[in-house]
Every structure is written in C-alpha cells, then in structure tokens.
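Participant:
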C-alpha cells in the first residue's frame with residue numbers, strides 16, 4: 183500500500199513540510215533535495231492522501247487570476263488563452279482585479295492564502311515596489327506563476343516577453359524614421375517590464391543616435407492627468423518628434439492630444455506603442471505597434487500552472503519563459 | 183433579545199424557508215406576505231442568527247460576476263463600476279467568463295449554487311435560450327441581479343438600457359442621413375437586448391421609410407466567419423448603404439471589410455454601432471455610436487445587489503431599472 187507523507191518524511195529525516203514542498207516542486211527546496219525526496223517516494227510507494235486530495239478537488243477546481251486592470255487588450259487576450267487551458271482541465275478561473283493599487287493586491291493576496299484555489303496566476307500592479315505580501319503568498323504552497331508583470335524578488339515560474347529587445351527595436355524604428363527627439367512614456371518607475379523597456383530605449387539611443395534629445399515622462403492611472411502631461415509635452419517649441427508609449431492607453435491618449443491640438447501624425451510626431459488594440463490598423467492614422475503574443479502568454483502561463491498543480495516536474499528552462507513580441511510598422515511612423 | 187427565524191416562522195404559521203425568502207426579498211414570495219413577515223419581524227424583534235451570519239461573512243465577502251465575454255468595452259467599463267461599489271463595501275469580485283457558451287454558463291451556475299459567494303451579478307450568453315439553470319440558481323436564495331443581457335423568464339432585479347429606443351434612434355439616424363438599404367447586424371436571435379434593438383430597427387423603418395430595403399444578418403462569435411458574412415453582404419451590386427451593428431465587434435469587423443475592399447465610409451456605406459470603444463473618435467473615419475452608460479450600469483447593478491445582500495427592501499421601481507444610452511453622431515454617418 184505504500185507510505186504516507188509522515189512516514190516518507192521520517193524515512194528521509196526531513197520535516198513533512200519540507201517533503202510536501204519538495205513534492206510540490208517548490209522553489210524553496212534545492213534540486214538535490216527534491217531529487218532525493220522523489221526517489222525515496224518512488225521507492226517506498228508514497229501516495230498522496232487520497233481522501234485529502236479528493237476533498238481538495240471537491241472544494242476547488244478553480245484557479246485565481248490576479249491582474250492590475252481589465253481595460254487593456256493585453257490582459258483580455260491573455261485571459262482568453264488562460265481560459266482555453268482551464269476549460270480543457272474543467273477548471274473555473276476566478277479573475278481578481280487590483281486596479282493598479284498595491285493595497286488591493288495585498289488584500290487579494292491575503293484572501294487567497296486561505297487556500298480557496300488550487301493555483302494562482304498573477305501580474306503585479308505598477309505600484310508594487312514591495313513584495314512582502316507576494317513572499318507570504320508564495321509560502322503557502324499554492325502553486326504561483328507570474329506572467330508579464332513579474333516580481334523579480336519572488337522565486338517562482340515567470341512568463342514574460344522580450345521587453346528589452348522590444349524597447350530597443352521600437353526606439354531604433356523611430357530613429358530610422360528620422361526622429362531627433364524621442365519621448366518615452368511610462369506609467370511607473372517600479373514596473374519590472376517598464377524598466378527593461380526603458381533600458382532598451384536608452385541603449386538604442388546611445389548606440390544609434392547618441393546626440394539625440396530624449397524625454398522620459400512618467401504618467402499615472404488617470405487618463406485626464408495623462409492627457410495634460412502629454413499636451414504639455416507636445417505644445418512647446420522643442421517638442422518631441424517621436425513618441426514611444428510603453429503602455430497602450432498612453433498611445434490612445436497621445437492620439438487624442440494630437441487630434442484635439444491639430445498635431446499631425448506622423449508629419450509632426452511619429453508614434454509607436456506596445457499594444458494589442460484590435461483597432462490599431464483602423465486608427466487615423468494606423469498605429470505602429472509592438473504586439474505581444476498575449477493569447478500565447480496566457481496559454482503558456484496556464485499550462486505551466488497546471489503542471490505545478492498536477493505535481494509534474496518542470497524543466498529548468500520552463501522556470502523563466504520568454505516569448506517574442508512583434509514590431510508591426512504602420513502609418514503612424516511613416 | 184428578540185426571536186430567531188424558527189420562532190418567527192412559528193408565530194407567522196409559515197415555513198422557515200418562506201420566512202427566510204421573504205426576509206431576503208425573494209420574488210417567489212408575494213408582496214403581501216413579505217409585508218406581513220417584515221411587520222412581525224419588527225414587532226417581535228427578530229435578529230438574524232449572528233453566529234451564522236458572521237460565519238457566512240468570514241467565509242465569503244465576495245460576489246460573483248458572470249459575463250459572456252471580456253474583449254468588449256461595455257463589460258470592461260461595467261466591471262469598473264461594479265468594483266467601485268464592491269471596494270467601498272470591502273468585497274472581492276470574482277469574475278467568471280462564459281465565452282458566449284451556454285454549457286459554460288450552466289457549469290458556472292451549478293458551481294455558484296454551492297453558496298461560495300454572497301451575491302451574483304449576471305449577463306447571459308447569446309446562446310441562452312433555455313433558462314432552467316438560471317431558475318435553479320435563483321432558487322438558492324443567493325441574491326441575483328441581471329444587467330444588460332437579462333433573462334425575461336427569471337423573476338429578479340434587472341438593470342438594462344433603453345434598447346428599443348436606441349435601436350429606433352440609430353435606424354432613424356441612418357434614414358435621415360439618406361440610407362435606402364440598411365443592414366442590421368446581430369450575433370444571436372435569442373438575446374433579449376438584441377430582440378429589443380431589432381424591434382426598434384423594424385419600427386423605425388416602418389414609420390419613417392417603409393419602402394426601404396432591409397437586411398438582417400445574424401453573425402456568430404468567430405471574427406473570421408463574421409468577416410466573410412459582411413464581405414459577402416457588401417460586395418454585391420445592391421449592397422446596403424447603411425449598417426447598424428448591434429454589437430461593437432461587428433462594427434470593427436465591418437470597418438476591416440471596408441478598409442480591405444476599398445469601400446468608402448461614409449460615401450458608400452454609413453455605419454453606426456452600439457459601442458463603448460475608447461478609440462471610436464480616433465478611427466478612420468470616426469465611428470458614430472450608441473453609447474451605453476456602462477460604468478453606471480455596473481455601479482447601479484452592484485448597488486442593488488448589496489441592498490439585497492444586506493436585506494434592505496427595494497422599492498418596486500428598483501426591480502426593473504432602465505438607464506438611457508446616448509447617440510453620438512460622428513463621421514461614419516456623415
């Protein structure tokens with residue numbers, strides 16, 4: 183009949199908590215220990231408590247998805263990818279919105295520690311400069327996967343896109359189109375992906391056009407404030423002739439400013455943006471984009487999460503997955 | 183100290199279930215009975231079991247939101263309205279997506295019957311032509327509020343917009359702009375709001391331009407199929423010179439068809455759509471819309487749901503709330 187967790191732990195001279203985390207493929211346990219535990223579990227015929235396991239299954243069959251905002255096409259597409267996998271596993275997805283609010287993210291993290299879900303997918307807020315709550319959440323042994331907006335301080339599986347390269351290529355695209363003064367628009371200085379995109383921007387300037395003027399504008403979450411910031415940026419004598427929006431909604435706001443102030447795109451200012459906007463090709467003018475494989479990111483994140491939930495081991499190269507974005511030139515940078 | 187539910191029911195010579203439903207303002211209980219129960223509850227000083235109530239609070243503090251799709255700006259804005267109210271009540275919102283799939287809606291409804299949430303907000307799928315699962319859900323006494331896409335067969339609180347009038351006005355707007363052959367695009371023949379919009383369309387034609395040709399095109403949930411349907415509609419000799427899209431994504435698809443086939447908007451075909459698209463004014467050409475007060479609908483639906491959760495009675499005119507949409511003419515119908 184094999185042994186239970188307690189017997190297995192005694193045989194290994196480890197705590198049950200350590201053995202459990204090893205079997206759940208936790209990152210807090212070394213690879214050697216995990217190997218030792220797995221070999222001993224196989225040898226002694228360890229079986230997870232079938233009652234506890236079925237009880238747990240009866241209780242949940244749900245995963246949580248924690249995201250900062252919903253009016254962002256990246257997330258709506260990622261959700262569709264996540265749901266495709268969850269549906270195939272007969273799981274429900276509970277979506278929690280944090281509204282770019284660190285306090286809300288902390289509250290949701292605490293709520294999830296009660297163990298009402300079998301796994302968690304998360305993309306952090308633009309305010310998340312402290313990760314204490316994420317560390318606490320990661321300690322609960324509920325499988326946790328970060329996607330897109332990750333926290334570098336948490337040792338768990340992460341799915342991102344090649345943000346540095348994309349930032350570099352978008353900037354080079356504007357330089358090649360003749361821009362002499364490029365403004366980089368961001369929503370936060372703390373966001374991991376924002377920092378990588380900004381580094382790509384800086385290096386592209388340094389390597390391709392070191393004499394160029396640059397502006398870095400940190401916007402917020404209120405469209406009205408962002409509108410005023412961008413209007414002030416564009417309505418001065420030495421205004422930028424290129425805008426690189428690191429977030430879709432900032433490009434939309436920049437379009438509104440240009441339409442309202444009769445600033446010609448691309449004649450007076452060229453615009454490129456990270457975006458999954460379905461109407462990007464229909465805008466006046468059509469918007470050049472760096473398009474992330476949002477659906478694929480969601481799908482991959484969910485696939486890896488279910489591997490963890492089902493206690494199947496991951497390869498080392500599956501702990502940090504990077505998918506490629508695509509630069510699509512359109513009329514806004516012609 | 184007052185009486186408990188059992189004592190109150192005995193005094194009224196009703197079952198505890200009837201009294202409980204009366205106190206929860208259930209629609210299955212007549213107004214007279216509810217009045218009788220409330221008066222007796224006040225007279226005897228009835229108090230909800232504080233232990234059960236606190237236990238319940240400890241367990242949940244969450245409401246469920248069940249919606250058919252997420253890549254629709256109506257729903258993303260409504261979600262923000264719902265979250266504003268939920269946050270003020272210190273509640274979490276669990277979002278469930280049904281992906282326009284009746285089977286998924288049935289599965290979610292069953293899942294919610296287990297009572298893991300304190301209340302439910304729902305907008306049904308375009309496939310929901312049978313409401314057995316909704317009736318079962320409504321029997322559980324978990325407060326249930328429908329918004330936008332309601333089920334007429336379920337006796338509960340409903341929040342909608344003036345879909346008939348909006349359908350009428352949008353059609354009249356196209357007639358006034360000179361259209362002689364208007365196509366109405368819908369995603370389903372079963373959807374309550376679609377039927378109202380279509381009736382508005384039909385009456386506007388009958389009353390203002392009875393000789394006009396009309397086409398009614400039922401699209402699906404696959405953008406590619408819809409693209410082919412609309413392309414076939416527009417690439418014939420007697421093609422429509424006006425399109426009324428009853429759903430935002432059909433207008434976006436119609437724009438793609440026109441851009442790809444070099445069909446001039448508004449010269450060859452004028453387009454108006456129900457839409458909360460943030461980029462509607464930025465499209466080429468800017469899109470005329472009927473814009474629903476999506477944020478307000480979400481807010482109102484959540485406000486009413488919390489009234490039910492908190493067992494505060496509703497006035498009769500709060501059982502069927504209708505908010506007004508706005509017609510915003512832009513260049514696509516000039």
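Protein chains in written order, with the working numbering: chain X, 183 to 516; chain E, 183 to 516. Ideal Cβ positions, reconstructed from N, Cα and C, are used throughout, including at glycine.
1) Mind the definition here: the segment 409 to 422 of chain E touches the segment 373 to 392 of chain E only if three or more C-beta pairs lie below 8 Å; say whether that holds.
2) Considering only residues of the segment 187 to 268 of chain X, which uninterrupted alpha helix (DSSP H) runs meet the minimum length of 4 residues and lie entirely inside it, listed in chain order?
3) Mind checking who residue 346 (chain E) pairs with in its DSSP beta bridge?
4) Taking a Cβ distance cut-off of 8 Å, strictly less, list which residues of the segment 255 to 288 of chain X are near chain E, in chain order.
5) In chain order, what residues of the same chain have a beta carbon less than 8 Å from the beta carbon of residue 478 (chain X), not counting five sequence neighbours either side?
6) Just to confirm my understanding: we take residue 381 (chain X), look at its own chain, exclude 5 residues before and 5 after, and list those with CB closer than 8 Å. What are they?
7) Could you give the residue range of the alpha helix (DSSP H) that holds residue 458 (chain X)?
8) Quick one: grab the DSSP three-state call for residue 496 (chain E).
9) Evaluate the contact criterion for the segment 488 to 500 of chain X versus the segment 468 to 477 of chain E: three or more CB pairs, one atom per stretch, below 8 Å.
10) Which residue from X:336, X:352, X:498 and X:306 puts its Cα closest to that of residue 283 (chain X)?
11) By the criterion of Cβ-Cβ separation under 8 Å, what are the contact partners of residue 290 (chain X) in chain E?
12) From the DSSP output, in three-state form, read off residue 362 (chain X) for me.
13) Should the segment 265 to 272 of chain X be called in touch with the segment 205 to 219 of chain X, which here means at least 3 C-beta pairs below 8 Å?
14) Are the CB atoms of residue 461 (chain X) and residue 356 (chain E) nearer to each other than 8 Å?
15) Thinking C-alpha only, which one of E:400, E:513 and E:333 is nearest residue 454 (chain E)?
16) Quick one: does residue 441 (chain X) have its CB under 8 Å from some CB of chain E?
17) I believe residue 342 (chain X) touches residue 209 (chain X) by the beta-carbon criterion, under 8 Å. Please report the beta-carbon distance rounded to the nearest angstrom.
18) Which residue's Cα is closest to the Cα of residue 473 (chain E): E:437, E:344, E:402 and E:404?
19) Is there a C-beta anywhere in chain X that falls below 8 Å from the one on residue 432 (chain E)?
20) Note down the Cα distance separating residue 394 (chain X) from residue 488 (chain E), rounded to an integer number of angstroms.
21) Find the nearest neighbour of residue 392 (chain E) within the set E:421, E:353, E:418 and E:419, judged by alpha-carbon distance.
22) Is there a C-beta anywhere in chain E that falls below 8 Å from the one on residue 465 (chain X)?
23) Take residue 293 (chain X) as the anchor and find which of E:325, E:303 and E:244 has the nearest alpha-carbon.
24) Can you give me the C-alpha to C-alpha distance between residue 325 (chain X) and residue 222 (chain X), rounded to a whole angstrom?
25) With distances taken between CB atoms, is the gap from residue 372 (chain E) to residue 285 (chain E) smaller than 8 Å?
26) So the candidates are X:203, X:291 and X:190; which of them puts its Cα closest to the Cα of residue 227 (chain X)?
27) For residue 518 (chain E), would you say it is in contact with chain X, using Cβ-to-Cβ distances shorter than 8 Å as the test?
28) By the 10 Å Cβ neighbour count, where 16 or more other Cβ atoms means buried, how is residue 498 (chain E) classified, buried or exposed?
29) CB residue 288 (chain X) to CB residue 277 (chain X), shorter than 8 Å?
30) Output the distance between the C-alpha atoms of residue 422 (chain X) and residue 375 (chain X), rounded to the nearest integer angstrom.
31) Quick one: Cα of residue 482 (chain X) to Cα of residue 279 (chain E), how far?
32) By the criterion of Cβ-Cβ separation under 9 Å, what are the contact partners of residue 253 (chain E) in chain X?
33) Can you give me the start and stop residues for the alpha helix (DSSP H) that residue 437 (chain E) sits inside?
34) If you follow the alpha helix (DSSP H) that residue 284 (chain E) is part of, which residue opens it and which one closes it?
35) Look at the Cβ atom of residue 314 (chain X), then the Cβ atom of residue 295 (chain X), and state whether they are nearer than 8 Å.
36) Near residue 171 (chain E), which residues of its chain fall below 7 Å by C-beta distance, leaving aside the five closest residues on each side in sequence?
Facilitator: Inspection of the coordinates gives the following:
1) no
2) 187 to 194, 198 to 205, 213 to 226 and 232 to 241
3) Position 164 of the second chain holds residue 346 (chain E). Paired residue(s): none; residue 346 (chain E) is not in a bridge.
4) 255, 258, 259, 261, 262, 265, 269, 274, 275, 276, 277, 278, 279, 281 and 286
5) To locate residue 478 (chain X), count along the first chain from 1; it is residue 296. Excluding sequence neighbours, residue 478 (chain X) sits near 263 and 505.
6) What you label residue 381 (chain X) is simply residue 199 of the first chain in a count that begins at 1. 346 and 349.
7) Residue numbering aside, residue 458 (chain X) sits at position 276 when the first chain is read from its first letter. Premise fails: residue 458 (chain X) is in no alpha helix (DSSP H) and is neither H nor E.
8) If you number the second chain from 1, residue 496 (chain E) lands on position 314. Coil.
9) no
10) The count along the first chain starts at 1 and reaches residue 283 (chain X) at position 101. Taking only the C-alpha atoms, the option nearest residue 283 (chain X) is X:306.
11) Stepping through the first chain from its first residue, residue 290 (chain X) is reached at position 108. By Cβ distance, chain E contributes 274.
12) Reading the first chain from its first residue, position 180 is the one you call residue 362 (chain X). Here residue 362 (chain X) sits in coil by DSSP.
13) no
14) Position 279 of the first chain, counting from 1, holds the residue named residue 461 (chain X). Position 174 of the second chain, counting from 1, holds the residue named residue 356 (chain E). No, the pair does not count as a contact, with Cβ atoms beyond the cut-off.
15) Along the second chain, read from residue 1 onward, the residue named residue 454 (chain E) stands at position 272. Checking every option, the nearest Cα to that of residue 454 (chain E) belongs to E:513.
16) The residue given as residue 441 (chain X) occupies position 259 in the first chain. Chain E, which has a Cβ nearer than 8 Å to the Cβ of residue 441 (chain X), makes this yes.
17) Looking up residue 342 (chain X) in the first chain gives position 160. Looking up residue 209 (chain X) in the first chain gives position 27. Not confirmed; about 17 Å, so no contact.
18) Counting from 1 along the second chain, the entry for residue 473 (chain E) is found at position 291. Selected option, being the one with the closest Cα: E:344.
19) Translated into the one-based positions of the second chain, residue 432 (chain E) becomes position 250. Residue 432 (chain E) does not count as touching chain X.
20) Here residue 394 (chain X) is taken as the residue at index 212 of the first chain, counted from 1. Here residue 488 (chain E) is taken as the residue at index 306 of the second chain, counted from 1. Going from the Cα of residue 394 (chain X) to the Cα of residue 488 (chain E) covers about 56 Å.
21) The residue labelled residue 392 (chain E) in the question sits at position 210 within the second chain. Closest by alpha carbon: E:353.
22) On the first chain, position 283 is the one that residue 465 (chain X) refers to. Chain E contact via Cβ: present.
23) The residue labelled residue 293 (chain X) in the question sits at position 111 within the first chain. That would be E:244, whose Cα lies nearest to the Cα of residue 293 (chain X).
24) Start at 1 with the first residue of the first chain, and residue 325 (chain X) comes out as number 143. Start at 1 with the first residue of the first chain, and residue 222 (chain X) comes out as number 40. The alpha-carbon atoms of residue 325 (chain X) and residue 222 (chain X) are separated by roughly 23 Å.
25) The sequence position of residue 372 (chain E) within the second chain is 190, counting from 1. The sequence position of residue 285 (chain E) within the second chain is 103, counting from 1. Going by C-beta atoms, residue 372 (chain E) is not nearer than 8 Å to residue 285 (chain E).
26) For this step, residue 227 (chain X) is matched to residue 45 along the first chain. It is X:190.
27) Here chain E has residues from 183 to 516 only, and residue 518 (chain E) is not among them.
28) As a first step, residue 498 (chain E) is located in the second chain; it is residue number 316 there, counting from the start. That one is exposed.
29) Walking along the first chain from the start, residue 288 (chain X) turns up at place 106. Walking along the first chain from the start, residue 277 (chain X) turns up at place 95. Their beta carbons are not under 8 Å apart, which means residue 288 (chain X) does not touch residue 277 (chain X) by this criterion.
30) Mapped onto the first chain, residue 422 (chain X) falls at position 240. Mapped onto the first chain, residue 375 (chain X) falls at position 193. Roughly 24 Å separates the two Cα atoms.
31) If you number the first chain from 1, residue 482 (chain X) lands on position 300. If you number the second chain from 1, residue 279 (chain E) lands on position 97. Residue 482 (chain X) and residue 279 (chain E): Cα-Cα distance of roughly 19 Å.
32) Numbered from its first residue, the second chain carries residue 253 (chain E) at position 71. Result: 255, 258, 259, 261, 262 and 460.
33) Residue 437 (chain E) sits at position 255 when you count from the first residue of the second chain. Note, residue 437 (chain E): alpha helix (DSSP H), 430 to 442.
34) Locating residue 284 (chain E) in the second chain gives position 102, counting from the first residue. Taken as a continuous stretch (DSSP letters only), the alpha helix (DSSP H) holding residue 284 (chain E) covers 284 to 294.
35) Along the first chain, one-based indexing puts residue 314 (chain X) at 132. Along the first chain, one-based indexing puts residue 295 (chain X) at 113. Contact flag unset, no.
36) Residue 171 (chain E) cannot be examined here, being either before or after the span of chain E that is shown, 183 to 516.
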